[in-house]
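One structure is given here, and the rest of the page talks about it.
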Amino acid sequence: MATITLRQEGGGHMFQERKINVEDREVLVGRSSEKKKPHTGNAIFSSLGIAREQAVLRYDNYTKRFYLRNIDASTGCTVNGEVAGFYDVEIMNADRVEFGGMSGIQSVRAIVMLELGEEAEKDTKRLEQVEQEIKSGSLLWL
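Per numbering that gives the first Met the number 0: the sequence shown ends with 141, consecutive numbering throughout.
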C-alpha cells in the first residue's frame, strides 16, 4: 500500500494529521463543502485559502514515485517553495507543500511523509538498482 501522510506545519491552517491511501487512485486536495467533509483519511480541509479542487496527489505504480499536480491557477501550490505547475511534480519524503499559498488567505501548509507497503518497497529498491546499473554502464539495453 502507498500512503501519503500530511503533517500540519506552523503558520497555516490548523488540521489533524492526514494519512491518505493513494494506491491505484488519485486523491483530490480541496476545500470542504456540504458533500466533502474534512477527515483524517482524506485531503479535504476547511480553509478558505484553498480552492474546492486545489490539487491531486497520486502514486505511480510504474515509476514507484509519488506526485502532486496543481489544478487551480488562482490559489496555487508550492513544493519546497517552488511553484507547482499543471503537471506532475515528484514529491519526496519530508518535502514541504503549501496549498493555496497565492490566495492571500490562510493556506494549508504540510510536511509530506511517504510510505510504501513491503512489496512496493522491494520493487522500488530493484528499480533504483537498475537505474544505477544503467548510469554506471554495467547494464546495457539491446
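Yeah, the Cβ is synthetic: ideal placement off N, Cα and C, and Gly gets one too. In this text the structure is predicted, and so the values were computed from the model without any measurement.
To which residues of the same chain is Trp-140 closer than 6 Å at the C-beta, ignoring the five residues directly before and after it?
Any reading at Trp-140 needs caution, since the residue's pLDDT is 49, under 50, leaving its predicted position unreliable; the model's value is listed next. Nothing meets the Cβ criterion.
Could you have a look at Gln-7 and say whether DSSP puts it in helix, strand or coil?
strand
Report all residues from its chain with a CB closer than 6 Å to the CB of Ser-45; omit the five preceding and five following residues, and keep chain order.
Hits under 6 Å: Ser-31, Pro-37.
So Val-26 and Arg-64 are in contact, right, with Cβ under 8 Å, and what is the actual spacing, rounded?
Wrong, their Cβ atoms sit about 15 Å apart, outside the cutoff.
Taking the continuous beta strand (DSSP E) assigned at Asn-92, which residues delimit it?
Run containing Asn-92: none; DSSP gives neither H nor E here.
Roughly how many angstroms lie between the CA atoms of Asn-41 and Glu-8, to the nearest whole one?
A direct Cα-to-Cα measurement between Asn-41 and Glu-8 gives close to 17 Å.
Who are the near neighbours of Thr-39 in its chain, counting only those whose CB is closer than 8 Å to its CB and skipping five residues on each side?
Gln-15, Glu-16, Arg-17, Lys-18
Among Tyr-86, Tyr-61, Leu-115, Ile-110, the one whose alpha carbon lies nearest that of Gly-10
Checked all of Tyr-86, Tyr-61, Leu-115, Ile-110; the closest Cα to Gly-10 is Ile-110.
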